[in-house]
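Okay, structure first, notes after.
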Amino acid sequence: MPTTRDLADTVRGGGRLSAADALALYHEAPLPLLGELADAVRARRHPGGIVTYIIDRNVNYTNVCVARCNFCAFYRPVGSSEGYVLGFDEVFRKIDETIALGGVQLLLQGGHNPDLPIEWYEDLFRAVKQRYPTFKLHALSPPEVIHLTRMTKLSVADVIDRLIAAGLDSIPGGGAEILVDRVRKLLNCYGKASADEWLGVMREAHRHGLRTTATMMYGHVETVEERIEHLVRLRALQDETQDDTGGFTAFITWSYQPEHTELGGREATGVEYLRMLALARLVLDNFPSLQASWVTQGGKVGQLSLAYGANDMGSVMIEENVVRAAGAAYCMDEVEIVRNIENAGFVPKRRNMHYEILGDPYFRQQSVPRQLELATARADGDTSRPEELRLYAARSAAEKRQRGADSRG
Ligand code: SF4
């Protein structure tokens with residue numbers, strides 16, 4: 249059995265940790281040692297003390313979802329009076345606001361809404377690209393792609409082909425939770441995508457030359473062994489598919505947010521977050537970047553993440569709906585993100601989804617309004633239904649009834 253000191257030497261020498269090594273480190277290494285090792289890996293990969301961030305907007309196009317994951321406080325069932333679908337005009341308005349703040353992309357994800365066929369996504373993507381040709385769409389996590397394969401009876405490759413043709417630029421790593429089917433069944437998210445299906449979408453995306461991200465939500469029903477299995481499976485896929493065009497750019501982990509969920513329970517501590525983050529930096533030796541999840545952990549732990557393996561502060565975000573529904577409501581605009589990076593002794597740089605540096609902080613070049621609160625998908629009480637929904641055939645009984653009522657006036 250290697251000792252903690254042996255394992256630390258393995259990491260310092262650039263060696264790879266096995267799952268058993270990672271488990272031993274998780275249980276036995278003191279947190280400062282994990283931080284020191286992860287920080288050394290970060291410094292080796294990202295010299296010059298550069299910490300990046302992206303200005304983008306996290307837009308959830310619909311909250312209507314048939315998947316019903318028991319850890320999710322965001323979704324509404326089909327037919328709910330609180331269900332919404334954003335209109336194309338609303339998305340354009342959000343893009344205009346994002347560009348005004350120096351933003352370069354939308355992170356576009358939503359529920360599995362049976363009344364939005366693939367043509368709706370294609371039309372939206374095309375319309376966005378026609379109006380904003382250089383603006384990027386980081387859109388549709390693997391379970392949403394699987395949902396579209398089921399709606400269309402097409403293969404994953406064919407759905408990705410169609411989405412790329414319409415304007416998809418990259419795929420976010422949402423919906424991974426823990427990539428172990430025992431856990432997925434307990435979270436009622438095995439149906440939306442098994443572990444193999446999630447990885448299969450990413451494999452296909454990488455083969456199509458797309459960059460993607462990977463995530464992990466821990467702290468619910470999983471064991472530490474299963475968290476490590478998740479990391480090792482991501483590392484194996486990256487070994488298989490990473491090349492000059494495709495592969496994972498970054499890994500983002502956060503703790504399960506229990507408020508208002510069916511599953512309930514307690515949130516893991518900030519200390520556990522730092523331990524997981526550092527361990528991920530050590531196991532994911534083929535991942536270029538690790539993001540800090542300040543939106544779930546808050547600014548202080550987000551800033552500390554930079555000493556525990558993270559080299560990126562993620563997104564300025566502008567809007568957030570999913571984590572807020574589960575009780576976390578942290579907000580940092582660009583000024584605040586840059587302040588956190590600089591106060592921790594690093595050099596802030598704006599980036600794009602490919603982690604290419606775009607420049608120094610935007611607010612230092614351009615006057616932008618301060619943003620002290622994250623926007624939401626819709627204003628409270630706005631129950632409007634987009635006009636263009638009529639162009640797409642309704643599939644659910646509830647939507648068909650609603651259309652009938654709408655046409656009777
Ligand atoms: S996590 Fe996503 S797929 Fe699961 S219920 Fe929520 S919106 Fe639906």
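Note that the numbering used here has the sequence shown beginning at 249, numbered continuously upward.
Where is the CB? At the ideal position from N, CA and C, for every residue including glycine.
Query	Result
Given this structure, state the Cα-to-Cα distance separating cysteine 550 from isoleucine 500, to the nearest angstrom.	Note on identity: in this sequence residue 550 is glycine, with cysteine being the wrong assignment. Their backbone Cα atoms lie some 12 Å apart in a straight line.
Measuring straight from C-alpha to C-alpha, what distance separates alanine 387 and isoleucine 343?	14 Å
Go ahead and pull the three-state DSSP assignment for leucine 285.	helix
Quick one: what's got a C-beta closer than 6 Å to arginine 432's C-beta in the same chain, skipping five residues either side?	Tyr438
Decide yes or no for the touch test of the region 587-599 against the region 515-535: beta carbon pairs closer than 8 Å, at least 3 of them.	no
Can you find the residues in the same chain that come closer than 6 Å, C-beta to C-beta, to serine 563, ignoring five residues on each side of it along the sequence?	Ile302, Asp304
Determine contact between the region 310-319 and the region 604-622, defined as no fewer than three beta-carbon pairs at a distance below 8 Å.	no
8 Å is my cut-off, CB to CB: does glutamine 378 come that close to chain D?	Note that chain D does not occur in the displayed structure, where there is just one protein chain.
Can you have a look at serine 503 and say buried or exposed, based on whether 16 or more other CB atoms are within 10 angstroms of its CB?	buried
Do the region 253-273 and the region 553-562 touch if we need at least three Cβ pairs shorter than 8 Å?	no
Which same chain residues end up closer than 8 Å to aspartate 409 when comparing Cβ atoms and leaving out the 5 residues on each side of it in sequence?	His456
Which ranges does the alpha helix (DSSP H) cover as unbroken runs of at least 4 residues, wholly within the region 302-388, from first to last along the chain?	336-348, 366-379
Pull up the CB-CB distance for proline 391 and alanine 462, whole angstroms please, since I reckon it's below 8 Å.	Rounded, the Cβ-Cβ distance is 14 Å, inconsistent with contact.
Hey, which unbroken runs of the beta strand (DSSP E) at 3 residues or more fall wholly within the region 405-477?	459-466
If we count Cβ pairs, one from each stretch, closer than 8 Å, do we get three or more for the region 445-460 versus the region 327-339?	no
Assuming proline 420 and leucine 355 form a contact by the criterion Cβ under 8 Å, report the distance between their Cβ atoms to the nearest whole angstrom.	6 Å
For valine 314, collect the residues of the same chain with a Cβ closer than 7 Å to its Cβ; drop the 5 residues on either side in sequence, then sort them by chain order.	Val326, His360, Pro362
Got a sec? Which residues, its chain only, sit under 6 Å from glutamate 477 by beta carbon, not counting five neighbours each side?	Val428
Does the beta-carbon of alanine 573, which I'm using as the reference point, lie nearer than 7 Å to any heavy atom of the ligand SF4?	no
On the criterion of 16 or more Cβ atoms from any shown chain inside 10 Å, does isoleucine 605 qualify as buried, or is it exposed?	exposed
As a quick exercise: from Val393, Arg599, Arg656, pick the residue whose alpha carbon is nearest that of threonine 300.	Arg599
Give me, in chain order, the residues of the same chain whose beta-carbon lies closer than 6 Å to that of alanine 484; leave out the 5 immediate sequence neighbours on both sides.	none
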